[in-house]
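Q: I'd like to ask you about the structure that follows.
Numbering (our numbering), first residue to last: 100 to 329.
Here you go:
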């Protein structure tokens, strides 16, 4: 067999392999999650992915290039555009950030809605006052607003309440293992989050995602990830 024939066969095999990779990339569901937090949220979401045996390539979890909500959305937009240039856009893009005292919170929520209205698969996943409120809902329904208390920030107040729950006295930000620890209470948390949003929609004169306290739709992201289970 001549060297030309060998070269042609190798090139054909390489082309076939590339075609298979492109086909698999097109057929597999792929979402992008950009998180404001660098530890708590990514740890929890990555753990859910592991618990449910979902391939990493299906659920891409990335840190934001900056901790403010507007930077979260900007990072997600950049990554979405870069991925689209490769020939296949993410099926869904989630921007995960807290209300806290961020001045760009409302702007970031509105930007994700603008992108969605223009046909881009963007969604803001927010928590008021912070992500731990989603954890708290695993232990019961709560619609009491949170506020600063002395030197404690509103987030610290919520975490203090969360640490009163059984087995969580030593809870700290960025703690690992929360997905497995709370797995048995996931259905209850989803029910409570849904009920809270429905109540806020009825009682709020202003946009509940932006103004309601407390509020979260983390359950919608969790349900999306769970829906990818093989």
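Ideal Cβ placement from N, Cα and C applies to all residues, glycine included. Here the structure is a predicted model, which means the values were calculated and not measured.
With distances taken from CA atoms, which of 283, 316, 191 is nearest residue 197?
A: It is 316.
Q: Taking DSSP as the reference, what is the three-state secondary structure of residue 224?
A: Reduced to three states, the DSSP call for residue 224 is strand.
Q: Do residue 195 and residue 135 have their C-beta atoms closer together than 8 angstroms?
A: Contact flag set, yes.
Q: In its own chain, which residues sit with a C-beta less than 7 angstroms from the C-beta of residue 299, not counting the 5 before and 5 after it?
A: Contacts found: 307, 311, 314.
Q: Indicate the three-state DSSP secondary structure (helix, strand or coil) for residue 168 in the structure shown.
A: Looking at residue 168 - three-state DSSP - the assignment turns out to be helix.
Q: Please go through the same chain and pick out, in chain order, the residues whose beta-carbon is closer than 6 angstroms to the beta-carbon of residue 256, but skip the five residues on each side of it.
A: Once the five neighbours on either side are set aside, the close Cβ partners of residue 256 are 245, 248.
Q: Just reading off the beta strand (DSSP E) that residue 153 is part of, what are its end residues?
A: Counting along the chain, residue 153 falls outside any beta strand (DSSP E), and DSSP gives it neither H nor E.
Q: Hey, residue 281 and residue 230 are a contact pair by Cβ (cut 8 angstroms); roughly how many whole angstroms apart?
A: Not really, about 13 angstroms apart at Cβ, beyond 8 angstroms.
Q: So which of 203, 173, 199 has the shortest CA-CA distance to residue 251?
A: Looking at the Cα atoms, 199 is the closest of the given residues.
Q: Considering residue 318, what are the terminal residues of the alpha helix (DSSP H) in which it resides?
A: It spans 317 to 325 - the alpha helix (DSSP H) in which residue 318 sits, taken as one unbroken run.
Q: Is it buried or exposed for residue 283, if we count other Cβ within 10 angstroms and need 16 for buried?
A: Burial call: exposed.
Q: Where does residue 255 fall in DSSP's three states?
A: In this structure, residue 255 counts as helix in the three-state DSSP scheme.
Q: Tell me, please, which residues DSSP counts as bridged to residue 161.
A: Looking at the DSSP assignment, residue 161 forms a beta bridge with 133.
Q: Could you pull out every residue in the same chain whose Cβ sits closer than 7 angstroms to the Cβ of residue 267, ignoring the five residues on either side in sequence?
A: If we look at residue 267 and ignore the five residues flanking it on each side, its Cβ neighbours are 261.
Q: Taking residue 164 as the reference, give the member of 265, 254, 152, 177 with the closest Cα.
A: Of 265, 254, 152, 177, the residue nearest in Cα terms is 177.
Q: Taking buried to mean at least 16 other C-beta atoms within 10 Å of its own C-beta, is residue 321 buried or exposed?
A: Flag for residue 321 reads buried.
Q: What residues are listed by DSSP as bridge partners for residue 197?
A: Partner(s): 226.
Q: Which same chain residues, not among the five before or five after residue 254, have their C-beta less than 7 angstroms away from its C-beta?
A: Here the set comprises 199, 228, 229.
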